[in-house]
Structures are given as C-alpha cells and as structure tokens.
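Below: the structure, in structure tokens.
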Amino acid sequence: MEIVVTQPKVGSQMVQEEKYLDCSSRAIYLRAIVLGGLKGVAYAAFMIMSPILMSVGIVAIEIKAILLTSFIGLAAGTLHLAIEQYVSVYTQCDILTFQAKRNIRMGRGGQKGPVPSPTLVAVASSVTYLVGGSVLLLAAGFIKQKEWRSSAVMTLASLSLFLVGVIGAALGKAPVARSCARVLVGGWLTICIMWGESKILEHIGL
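Position 168, counted from 1, in the sequence shown is what this note's numbering calls 168; the numbers after and before it change by one each time, with no gaps.
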C-alpha cells in the first residue's frame, strides 16, 4: 500500500505571524511625554485648588487672577522643562556617542542602540506639560460655581492623568492598567507634596 504524504500549503492556510515591533527606541520619548503630562496636570491642579485647600478664601482671590498667575507659571515651567530635558538628554547622547567611538577603536563594534534626539525629547515633554496644564486651567475658567470648581478640577485631573498613562502604555505596547495606576498615583502624590510644602511655608510665615 502506497502512502502519500502531502505538505500543507502555508499560503492556503493564511498563516499570519505577529509582526515584531521593537518599542525600546520609543522609551525615552514616551518617558518625556508621561513626565511632561504628569507635571503639567499636577501644577495646574495645585494652582487652582490651593486657595481652597489653604483656606485663603476663593472670594478674596478672583479666578481670573488665579488663572493669569497659573498661565504665567505654566509658560515658565514649559520653558524650564524643555531646557532641563534638552541638557540632560544631550549628556546621554554624548555618553553614547563617545562610547561607540571607543568601542570602534577597541574593535568591539559600533553603536549598540539608537541615539535619542534631545530636541524631540524636549519638545515632547514641554508640549505635553503645556497641554496638560492648559486643559485644567481653561476648564476651571468656565466653571462659574465656586463650590463645584474644586470637585471638577479633581475629576478632570484624574481623567487627564489616566489618559497620560493610556497614551504612554499604548504607544509603548506596555500593560495599560499598570501604567494608568502608576501615573494616577504619582500625579496625586505630586499634588499632595506641593500642597504640603505650601502649608509648611505658610506655617513658618514665608
């Protein structure tokens, strides 16, 4: 009896392999996006809620004055963050570049990985900082009821932090729930630290 063995045709079975995607080159840019978004949201939330939390009296301080001061601080913070990111990432680039040159001289190969762009990192971080803070400040300006303003800002800040976590995880192909929880907790810890610092300064009369 003759046995005929037939090889299955891969094309007919439409076998699809998952495309390999290396997200490690995105890591530093996504880190900048998450950092900028977290810091921007935390700063804006603190500036809006601090008159209420510190019992200054929201009647004595007009929301327009708070928004104007906050936007000026937000603009300055955007420039500060851009400079900090540019300088720090450029240091990393110098280290990677000169290490690659030493490896070539010693016969150990060239560049092991991609070199990040300091300009792109600075832009990514500063833009998300500005957008994250501006959304909260603009939303607070449209809320006329003073008793609802704090609750609305807290809710919007939480949603903004959650969104930052989703963006970072989705673009980096990382677990979304873990990223969102980390950014949310980190953002509110930042706000609490800023509030605690202001209370200490108020207590000692500064």
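Here a beta-carbon is modelled for each residue, glycine too, at the ideal position from N, C-alpha and C.
- Hey, could you find the ends of the alpha helix (DSSP H) E62 is sitting in? From DSSP, E62 is part of no alpha helix (DSSP H); its letter is neither H nor E.
- Cutoff 7 Å; reference P114; Cβ partners in own chain excluding five residues on either side: S25
- What's the C-alpha gap between C180 and V166? 6 Å
- Rounded C-alpha distance that separates V176 from V153: 24 Å
- Task: Return the Cβ separation of G168 and V34 in integer angstroms, given the expectation that the two are a contact with Cβ distance under 8 Å.
- Result: 4 Å
- For G113, which of helix, strand or coil comes out of DSSP? coil
- Item | Nonlocal neighbours in the same chain, by C-beta distance under 7 Å from T78, ignoring five residues either side | S126, Y129 and L130
- Where K64 and L137 are concerned, what is the direct C-alpha to C-alpha distance, given to the nearest angstrom? 10 Å
- Query: Which one of G172, G133 and K144 has the shortest CA to CA distance from A76?
  - Reply: G133
- Message: Which of the three DSSP states is assigned to Q145 in this structure?
- Response: coil
- Exposure of S88, with buried meaning 16 or more beta-carbon neighbours within 10 Å: exposed
- Neighbour-count burial assignment, V56, 16 or more Cβ in a 10 Å radius: For V56, the pLDDT reaches just 47, beneath the cut-off of 50, and the residue's location in the model is therefore unreliable, although a value from the coordinates is still provided. Per the 10 Å Cβ criterion, exposed.
- Exposed unless 16 or more other CB atoms sit within 10 angstroms - verdict on M106: exposed
- Message: Taking contact to mean 3 or more Cβ pairs, one atom from each stretch, closer than 8 Å, check whether the region 153 to 164 and the region 94 to 104 are in contact.
- Response: no
- Message: Taking the alpha-carbon of M194 as reference, which of F46, V121, S150 and P116 has the nearest alpha-carbon?
- Response: F46
- Own chain residues within Cβ distance below 6 Å of L74, not counting five before or after: G133
- Query: What is the DSSP secondary structure of I204, reduced to helix, strand or coil?
  - Reply: coil
- Residue from H203, V183, L120 and I28 with nearest C-alpha to G37: V183
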